[in-house]
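Printed below as a string of structure tokens:
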């Protein structure tokens, strides 16, 4: 089975500061990797994903994540955050050899302060 | 756009009641999933189905069952609701198309058992 660890349950930052939300996974086989965002009182939205190819993937709103196979990590970064980035962020994995069932981390609550 | 529709946004039920949570997707996806979301625990997989009349247990199936009589509909059943099943329930389906691989989530059903 795979597991996903998000190392920080809460990350408070000031507006325009850089942020990194950390995610590590454990799996005996290769995985697909995802980051989802959940704004207050809303559903889950896909932020970005890594399936293959370039290990650096980007979202349309300035977030990026880098797949590091040797460290089994998929950390999410943004060089300058906005108040509107305040949300809960979930890291998730799907094993290549499984029934496409996704496993999630416990989530990181990002709070951007003015 | 793929749509995953959960029939109720909010639901209040009494302890011991049998509860049905309905989920319908409109993109002919074969795989469908039920999760529950709890603060500090992220999303946990309850059951999934990869075909009509097929079901597989996820990580926390106790107290739940599922039904998949038609491809587009995946129902979660709480046989005898208990207060510890108070939670947000999320349904999802997955596109296996390589160009669009990933989950689409419904907007969730917040169930309160009193």
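Residue numbers (this note's numbering), protein chains in the order written: chain A, 317 to 430; chain B, 79 to 192.
All residues carry an ideal CB built from backbone N, CA and C; glycine is no exception.
Using DSSP with H/G/I as helix, E/B as strand and the rest coil, what is residue i?
i: residue 401 of chain A; result: helix
i: residue 361 of chain A; result: strand
i: residue 384 of chain A; result: strand
i: residue 371 of chain A; result: coil
i: residue 164 of chain B; result: coil
i: residue 138 of chain B; result: coil
i: residue 132 of chain B; result: coil
i: residue 355 of chain A; result: coil
i: residue 155 of chain B; result: strand
i: residue 92 of chain B; result: coil
i: residue 147 of chain B; result: strand
i: residue 345 of chain A; result: coil
i: residue 408 of chain A; result: strand
i: residue 188 of chain B; result: strand
i: residue 379 of chain A; result: coil
Got a sec, what are the start and stop residues for the beta strand (DSSP E) residue i sits in?
i: residue 316 of chain A; result: Examination of residue 316 of chain A is not possible in this model, given that chain A is present from 317 through 430 alone.
i: residue 122 of chain B; result: 120-127
i: residue 341 of chain A; result: 339-342
i: residue 320 of chain A; result: 319-322
i: residue 102 of chain B; result: 101-103
What residues match up with residue i in a beta bridge as DSSP calls it?
i: residue 173 of chain B; result: B/180
i: residue 112 of chain B; result: B/125, B/169
i: residue 336 of chain A; result: A/393
i: residue 429 of chain A; result: A/330
i: residue 98 of chain B; result: B/155
i: residue 419 of chain A; result: A/409
Return no unless some Cβ of chain A is closer than 8 angstroms to the Cβ of residue i.
i: residue 94 of chain B; result: no
i: residue 134 of chain B; result: yes
i: residue 109 of chain B; result: yes
i: residue 189 of chain B; result: no
i: residue 168 of chain B; result: yes
Determine the chain A residues that contact residue i at a beta-carbon separation under 8 angstroms, and present them in chain order.
i: residue 128 of chain B; result: 415, 416
Would you say residue i faces chain D, with C-beta separation under 8 angstroms as the test?
i: residue 363 of chain A; result: Absent here is chain D; the protein component of the structure consists of chains A and B.
Determine, for residue i, whether the minimum Cβ-Cβ distance to residues of chain B falls below 8 angstroms.
i: residue 367 of chain A; result: yes
i: residue 360 of chain A; result: yes
i: residue 383 of chain A; result: no
i: residue 403 of chain A; result: no
i: residue 390 of chain A; result: no
i: residue 325 of chain A; result: yes
i: residue 350 of chain A; result: yes
Hey, is residue i close to the ligand FAD, as in C-beta under 7 angstroms from one of its heavy atoms?
i: residue 91 of chain B; result: Only the bare structure without any ligand can be found here, which leaves the ligand FAD out of the picture.
Which residues in chain A sit within 7 angstroms of residue i, going by Cβ to Cβ distance?
i: residue 181 of chain B; result: 418
i: residue 185 of chain B; result: 359
i: residue 119 of chain B; result: 422
So which residues on chain A does residue i lean against when the C-beta distance must stay under 9 angstroms?
i: residue 174 of chain B; result: 416
Run through chain B and tell me which residues come within less than 8 angstroms of residue i, C-beta to C-beta.
i: residue 406 of chain A; result: 120, 121
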